[in-house]
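In the order they appear, the protein sequences are chains A and B.
Under my numbering, think of the first position of the first sequence as 1, with each following residue one higher.
Under my numbering, think of the first position of the second sequence as 1, with each following residue one higher.
These notes concern the structure reproduced below.
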Amino acid sequence: MRTSTSMLLVVVLALASCGYTASPGSPSSHLPSSPDSEDTSSAADTQQNVDSGQGQEDLPLDLVVAPVFDPLLGGPLEITVLQGSADVTVWDEKGGFVASVTDSWDGRTASGEPAPTGRYLVRADGADYMSRDEWDQEWVDLVRCGVTSALAEGDGGKTAFRVPLYWYENEYLQDEAQPFVSLEFMEAPDGSLALFPSPNEDLASLPPGANQPLAFTWDSRPILTLWLGDDGIFGSSGLPGLGIQVQVPGWTVLSGGTDLDPGVPIVIQADEPVSDALGVIDEDLLIGFFLESNGGTVYEIGTQVLPVRWYSTLGATTFDNTGDQYNAWPAFVEPALQALEGLEPDTDSVLSALVEWVFYESDLVYDTTYGASAYSSYRGGWGNATFLGSDFVERRYGDVVNCSDCAGILLTYANMLGARLDYTMVFRNFALNYILAIGIEEFTHCPFGPWGCSFSYHAVNTYDSGENIFDSTLALDGDEDPGTEPCETLLVRKIPGEEYLDRLAMNGNPYFQYEAQGTLQ
Amino acid sequence: MSRFLFIVELCMYLGFFLLPLPRPAHAQAAEQQAPESAPTPRSTPWAGLPLTSLSSLGLGTPTLFRGESTWQAPITGGGFVRLSILPDPGSAEREFSFQADAATAMAAPPFQVWERDGVEARGDGIGLLLLRDHNVIIVVRHQQGGAFSMAEALRAALVTEAPSGTWKTLQERQGGEQRAGWDSCGRWWAVP
Numbered sequence: 001m002r003t004s005t006s007m008l009l010v011v012v013l014a015l016a017s018c019g020y021t022a023s024p025g026s027p028s029s030h031l032p033s034s035p036d037s038e039d040t041s042s043a044a045d046t047q048q049n050v051d052s053g054q055g056q057e058d059l060p061l062d063l064v065v066a067p068v069f070d071p072l073l074g075g076p077l078e079i080t081v082l083q084g085s086a087d088v089t090v091w092d093e094k095g096g097f098v099a100s101v102t103d104s105w106d107g108r109t110a111s112g113e114p115a116p117t118g119r120y121l122v123r124a125d126g127a128d129y130m131s132r133d134e135w136d137q138e139w140v141d142l143v144r145c146g147v148t149s150a151l152a153e154g155d156g157g158k159t160a161f162r163v164p165l166y167w168y169e170n171e172y173l174q175d176e177a178q179p180f181v182s183l184e185f186m187e188a189p190d191g192s193l194a195l196f197p198s199p200n201e202d203l204a205s206l207p208p209g210a211n212q213p214l215a216f217t218w219d220s221r222p223i224l225t226l227w228l229g230d231d232g233i234f235g236s237s238g239l240p241g242l243g244i245q246v247q248v249p250g251w252t253v254l255s256g257g258t259d260l261d262p263g264v265p266i267v268i269q270a271d272e273p274v275s276d277a278l279g280v281i282d283e284d285l286l287i288g289f290f291l292e293s294n295g296g297t298v299y300e301i302g303t304q305v306l307p308v309r310w311y312s313t314l315g316a317t318t319f320d321n322t323g324d325q326y327n328a329w330p331a332f333v334e335p336a337l338q339a340l341e342g343l344e345p346d347t348d349s350v351l352s353a354l355v356e357w358v359f360y361e362s363d364l365v366y367d368t369t370y371g372a373s374a375y376s377s378y379r380g381g382w383g384n385a386t387f388l389g390s391d392f393v394e395r396r397y398g399d400v401v402n403c404s405d406c407a408g409i410l411l412t413y414a415n416m417l418g419a420r421l422d423y424t425m426v427f428r429n430f431a432l433n434y435i436l437a438i439g440i441e442e443f444t445h446c447p448f449g450p451w452g453c454s455f456s457y458h459a460v461n462t463y464d465s466g467e468n469i470f471d472s473t474l475a476l477d478g479d480e481d482p483g484t485e486p487c488e489t490l491l492v493r494k495i496p497g498e499e500y501l502d503r504l505a506m507n508g509n510p511y512f513q514y515e516a517q518g519t520l521q
Numbered sequence: 001m002s003r004f005l006f007i008v009e010l011c012m013y014l015g016f017f018l019l020p021l022p023r024p025a026h027a028q029a030a031e032q033q034a035p036e037s038a039p040t041p042r043s044t045p046w047a048g049l050p051l052t053s054l055s056s057l058g059l060g061t062p063t064l065f066r067g068e069s070t071w072q073a074p075i076t077g078g079g080f081v082r083l084s085i086l087p088d089p090g091s092a093e094r095e096f097s098f099q100a101d102a103a104t105a106m107a108a109p110p111f112q113v114w115e116r117d118g119v120e121a122r123g124d125g126i127g128l129l130l131l132r133d134h135n136v137i138i139v140v141r142h143q144q145g146g147a148f149s150m151a152e153a154l155r156a157a158l159v160t161e162a163p164s165g166t167w168k169t170l171q172e173r174q175g176g177e178q179r180a181g182w183d184s185c186g187r188w189w190a191v192p
């Protein structure tokens, strides 16, 4: 845009009538034109005044700046003077001097204080290549972009099913209505850009201000609601009315993404499901802020990084009981998903992989002295088991366990991942074929020594009343004769109930009884 | 009663109850240090064991069972103690019978059985001991072989009246809001 001398005079008169006084040392010819008359989208267009009245063909001094910038998110405003050299100054809307700058402006005043958000005039006074006195000026909006809190939502499973997480130590259950991450301030105490914290690594407790992991079923396309900050050392965001937009690669903006306003949330949804498999996925969401001029020029203001840890689970938790503790605990879910990384989301595959993982990788050892439990107990009957999940994840009672413990462990992992599983009891007083107990290196049919070759009971897992069995306590002899050596390791991963009993028991007519999930502490 | 007579009476009682126990060296040592305030047989229920006294008994922070008057706490040095407070000796007797059955997956474990005046015990007294004293059931798993002496110490610390105050309060959301928690002895309470 070219500003004529006559127009400037009109502005001078107008400002003078409003009591405007030029800052000391500022020539009257440097007075800003009215910002209200400027169109943001066209503010990038070069403004020029050629005192000598020469035409454009003479390549007059040209000031080039972006129409909007965020000094923290996108860095200083780059200032380029073409076709000449100039002294560059910054003025506020009222004509007050702000700063003298060279090739960039960091958004601070001459005294080093952060300038408040708002509209500023960048003015270049100098000479063109023909040594003719010239000046040029541009209006620039100083803004503070930035999301300060984010919520994660589901839509009941239509496209996204969120699985709430529970931290057992401080008994905190996630609430979709509460942010999973937030910043207390838009800027750090030292005035630098405030960054979102990394996802919380503490699986037991959730400290205040932590970035909470998010669990979704594997086929979900999560929905996030982002709230912009509107308070900080730069004042308010200065965003409303400027037409600033947001985009997040890999995500679709559902609402609130154009003409950003801190009072209006930005809702985005992932374009693709969390994963095509189970696992833990760390992702940095790149929240980009930009302005598109009427001419189609896109000005990138800056990019904010939002780190998110996704738990890709098989499904919603499958506990029969209700209560906060029957949700998915990071203490169980995260290590299990890491172990099952990349596994296809199928119930039997998940249960089988869990059996193998618990049996080989959990560092648990069967109690060959007593066959007694450490983390589970029955109260009032075999159908009422209690599993001490919080004590187990901390291994408060050591690594020596029995079948009730292992059944509770497998059941808890499975139901938190969304693979329904119960326990059932094998009764009663039966002599054993060869078994390989968890943590024990050799097959034996007398796990308790020469006089201890029988189980009074044995706890296993099932989801169909014993039709099929999963067992992480022991492996069976999988060859044709399970009662004699040599033995062939057969992990109990969905073995038909009848075959399981045949291979487990040498005699005694064992049978399944009870099917329950018990309670979780 | 003189101190001497009291100790004689205490030894007679403990002797009847404990003589059949196998006596590992540490159990003998513990018996020699039997507390002078050992409880006498009671017909009224115990309130339990004040949770504030656990550390002095060599126990760590207890895990409280939701909906139950039961807690479990680790033993310093390995193992754990689980203590349940039942409403009356009769229900505790039935529960103890089941607990003794469920205590081990081993068929016909070589455990000894003791019983007298509302007190009964099962186990080897070394690594495992289940004990019922009227309405209280104690399970001890001791990795260093001190199940006997630990059970004895716990019995001695039982009280008939819980100290005032609560140990922990919860805001339960199962089927509606309710306040619940455990008293100073780990007994569950709930107010709808």
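Glycine residues also receive a C-beta, built at the ideal position from the N, C-alpha and C atoms.
- Neighbours of Leu128 (chain B) in chain A, taken as residues at a C-beta separation under 9 Å, are given in chain order as Thr369, Tyr370 and Ala372.
- For Val333 (chain A), the enclosing alpha helix (DSSP H) stretches over residues Pro330 to Ala339.
- Here the stretch 72 to 86 of chain B makes no contact with the stretch 112 to 125 of chain B; the two share fewer than three CB pairs at distances below 8 Å.
- For Met106 (chain B), the residues of chain A that pass the 7 Å Cβ criterion are Tyr370, Gly371, Phe448, Gly452 and Ser456, in the order they occur in the chain.
- Here Pro74 (chain B) has Gly60 and Phe80 as same chain residues with Cβ atoms under 6 Å from its own Cβ, once five neighbours each way along the sequence are excluded.
- About 13 Å separates the beta carbons of Leu57 (chain B) and Gly186 (chain B), which is beyond the 8 Å limit, so they are not a contact pair.
- Looking from the CA of Arg123 (chain A), the closest CA among A:Tyr397, A:Ala99, A:Pro114 and A:Ser198 belongs to A:Ala99.
- Counting along the chain, the unbroken alpha helix (DSSP H) around Ser352 (chain A) starts and ends at Thr347 to Glu361.
- The beta carbon of Asp391 (chain A) falls within 8 Å of a beta carbon belonging to chain B, placing the residue at that interface.
- For Ala215 (chain A), the pairing in a beta bridge is given by DSSP as A:Val163 and A:Tyr311.
- Sequence-ordered contacts of the stretch 381 to 415 of chain A with chain B read Gly381, Trp382, Thr386, Leu388, Ser390, Asp391, Arg396, Tyr397, Gly398, Val400, Asn402, Cys403 and Ser404 [C-beta pairs closer than 9 Å].
- The Cβ atoms of Asp133 (chain A) and Ala127 (chain A) lie closer than 8 Å to each other.
- For the pair of segments examined, the stretch 325 to 333 of chain A was found not to touch the stretch 91 to 105 of chain A: the number of CB pairs separated by less than 8 Å stays below three.
- When A:Ala385, A:Gly381, A:Asp363 and A:Thr368 are compared, the shortest CA-CA separation from Gly398 (chain A) is found for A:Asp363.
- In the three-state DSSP reduction, Pro114 (chain A) falls in the strand class (E or B).
- Beyond the five residues adjoining it in sequence on each side, Thr102 (chain A) comes within less than 7 Å, by CB distance, of Val88 in the same chain, given in chain order.
- The Cβ atoms of Trp310 (chain A) and Ile287 (chain A) lie no closer than 8 Å to each other.
- Taken atom to atom, the span from the alpha-carbon of Val492 (chain A) to that of Asp481 (chain A) is near 17 Å.
- Around Arg379 (chain A), the beta-carbon contacts reaching into chain B at under 9 Å are Phe65, Glu68, Thr70, Ser84, Glu95, Phe98 and Gln99.
- At a cut-off of 8 Å between beta-carbon atoms, Phe148 (chain B) makes no contact with chain A.
- The Cβ atoms of Val147 (chain A) and Leu254 (chain A) do not sit closer than 8 Å to each other.
- Membership of Met425 (chain A) in the beta strand (DSSP E) is indicated by the continuous run Asp422 to Leu432.
- For the 8 Å CB-CB criterion, Tyr360 (chain A) and Asp422 (chain A) do not form a contact.
- Residue pairing from DSSP places Phe470 (chain A) in a beta bridge opposite A:Asn461 and A:Arg493.
- For Glu356 (chain A), the CB contacts under 8 Å within the same chain, skipping 5 residues up- and downstream, are Leu491 and Arg493 in chain order.
- Under the Cβ criterion (8 Å, minimum of three pairs), the stretch 379 to 394 of chain A does not count as touching the stretch 285 to 299 of chain A.
- If the five residues before and after Thr80 (chain A) are omitted, its C-beta is found closer than 6 Å to the C-beta atoms of Val64, all from its own chain and listed in chain order.
- Residues of chain B with a Cβ closer than 7 Å to the Cβ of Gln521 (chain A) are, in chain order, Thr63, Phe65 and Arg66.
- At a C-beta separation below 8 Å, Asn429 (chain A) has these neighbours in chain B: Ala107 and Ala108.
- Excluding sequence positions up to five before and after Gln83 (chain A), its CB lies within less than 8 Å of the CB of Leu59, Pro60, Leu61, Asp62, Asp128 and Tyr129, all in the same chain and listed in chain order.
- Among the residues of chain A, those whose CB is under 7 Å from the CB of Ala102 (chain B) are Tyr378, following chain order.
- A Cβ of chain A is located within less than 8 Å of the beta carbon of Pro74 (chain B).
- Beta-bridge pairing by DSSP links Ala157 (chain B) to no other residue.
- Here the C-alpha atom of Thr412 (chain A) lies approximately 10 Å from the C-alpha atom of Val333 (chain A).
- At a cut-off of 8 Å, the C-beta of Gln112 (chain B) has no neighbouring C-beta in chain A.
- Tyr120 (chain A) is bridged by DSSP to A:Asp92 and A:Val140.
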